[in-house]
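The block underneath contains the structure these notes are about, expressed in structure tokens.
There are 2 protein chains.
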Amino acid sequence: MTATAPSGLLRIGELARRAGTTPRTIRYYEELGLLPNAPARPAGGHRLYSEEDARHVRELMRLRALLGLSLEELGAVVEAEEARAMLRAEFEGGVSDAARLREILTQASGHLDLQLSLVRRRAAELVALQDDLESRRARVERLLAESAES
Amino acid sequence: MTATAPSGLLRIGELARRAGTTPRTIRYYEELGLLPNAPARPAGGHRLYSEEDARHVRELMRLRALLGLSLEELGAVVEAEEARAMLRAEFEGGVSDAARLREILTQASGHLDLQLSLVRRRAAELVALQDDLESRRARVERLLAESAES
DNA sequence: GCCGAACATGACGTTCACGTAAACTAGCGA
DNA sequence: TCGCTAGTTTACGTGAACGTCATGTTCGGC
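Heads up: the protein sequence lines correspond to chains P and X, in order.
Residues 131 to 280, numbered by this note's numbering, are exactly what the first sequence covers, in order.
Residues 131 to 280, numbered by this note's numbering, are exactly what the second sequence covers, in order.
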């Protein structure tokens with residue numbers, strides 16, 4: 131059994147590896163509704179994923195780790211993302227009219243804005259912490275220099 | 131019963147409030163050795179804390195939340211901090227000789243460097259995520275503009 | 001066609017980080 | 001002194017996020 135199925139698709143082990151986690155976690159997330167319930171299950175019943183799926187899961191892990199989200203909070207993000215994905219499907223399938231197009235894009239923009247606001251706040255807090263630590267280190271460094279010149 | 135004892139010291143409730151947590155958590159941290167075991171317990175047996183203690187606890191919470199540290203990892207930081215505090219005490223009490231002083235300061239600097247490396251990495255990851263989201267939003271925004279001009 | 005590794009489901013176990021309840025004591029304003 | 005709030009310890013409970021085990025099935029190379 132090779133890691134990637136002949137179709138170029140990934141089984142749960144490979145998906146987990148690429149996302150930096152374990153198969154158990156993938157199944158758990160699926161159970162919670164964080165991942166699509168039946169990602170193409172041919173005959174055998176084994177789950178099969180695309181590379182896109184792998185990127186998606188990896189992105190979720192990243193978001194969760196960096197923002198410190200609970201799985202429930204992550205669920206909210208996923209829901210919004212799925213709504214966006216549906217709109218995107220309509221968008222790529224050739225959009226009906228211009229008004230509808232703007233509606234879709236506006237929704238997408240709003241969703242990104244929401245995530246951005248979370249990320250920006252967190253980033254700002256971290257940078258503030260970094261600045262604090264740096265100024266404290268500078269103070270120590272200054273004392274060291276003074277001690278050396280004597 | 132006022133929030134602050136007449137001595138200007140804080141009881142556990144006030145400390146928790148200022149640190150943005152609960153008394154239970156404070157006791158738990160003390161039990162784990164994250165906080166000094168007996169912060170001055172006069173007659174009654176009630177814990178009493180200084181404003182400095184409050185700042186310290188708040189700082190620990192901040193570090194933990196922003197870096198996503200477990201309590202065990204936080205313990206390592208605290209240990210290093212305590213070693214530094216001992217050195218600092220010696221430092222403020224008038225340092226013996228210049229060599230010893232440099233030793234102390236070098237230790238302190240190393241400790242801060244360690245924390246800084248953690249914070250910097252985390253901050254970099256968050257900024258990278260922020261950039262990703264921003265570029266995706268820019269793309270959507272561009273599409274919106276194009277749709278408007280037609 | 002066989003065989004070992006990887007998958008499936010289900011159930012139970014585990015760790016972390018506290019929450020909560022019970023029974024008692026201390027501090028403080030009226 | 002009374003009464004109320006906030007503290008004390010001990011112990012058991014809890015939710016989140018998986019880990020682990022048992023039992024059976026499926027791939028895919030040989």
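No residue lacks a Cβ here, since even glycine has one placed at the ideal position from N, Cα and C.
Measuring only the C-alpha atoms, how far is residue i from residue j?
i      : j      : result
P/S200 : P/G163 : 14 Å
X/L242 : X/A146 : 26 Å
P/V207 : P/P169 : 19 Å
X/P166 : P/R141 : 50 Å
P/I156 : P/L139 : 16 Å
X/D262 : P/L244 : 14 Å
P/A215 : P/L259 : 36 Å
X/E222 : P/R272 : 16 Å
P/E255 : P/G175 : 46 Å
X/E209 : X/P172 : 26 Å
X/R267 : X/V257 : 15 Å
P/E144 : P/Y179 : 9 Å
X/A213 : X/G240 : 12 Å
P/E279 : X/A228 : 11 Å
P/E161 : P/H186 : 17 Å
X/R154 : P/E181 : 46 Å
Between residue i and the ligand FAD, is there a pair consisting of the residue's CB and a ligand heavy atom that are separated by less than 7 Å?
i      : result
X/A206 : The model on display carries no ligand, and the ligand FAD is accordingly not part of it.
Tell me the DSSP secondary structure of residue i in three-state form.
i      : result
P/L196 : helix
X/L204 : helix
P/R267 : helix
P/L190 : helix
X/L140 : strand
X/L248 : helix
P/L242 : helix
P/L145 : helix
X/L235 : helix
P/L164 : coil
P/L217 : helix
X/L178 : coil
P/R171 : coil
Under 8 Å, do residue i and residue j count as touching if we go by C-beta distance?
i      : j      : result
X/L217 : X/A238 : yes
P/V249 : P/L197 : yes
P/R148 : P/R192 : no
X/S277 : P/R194 : no
P/L246 : X/E264 : yes
X/L274 : P/T151 : no
P/E220 : P/I234 : yes
Does the beta-carbon of residue i have 16 or more other beta-carbons within 10 angstroms, so that it is buried, or is it exposed?
i      : result
X/A253 : buried
P/R251 : exposed
P/R230 : exposed
X/R177 : buried
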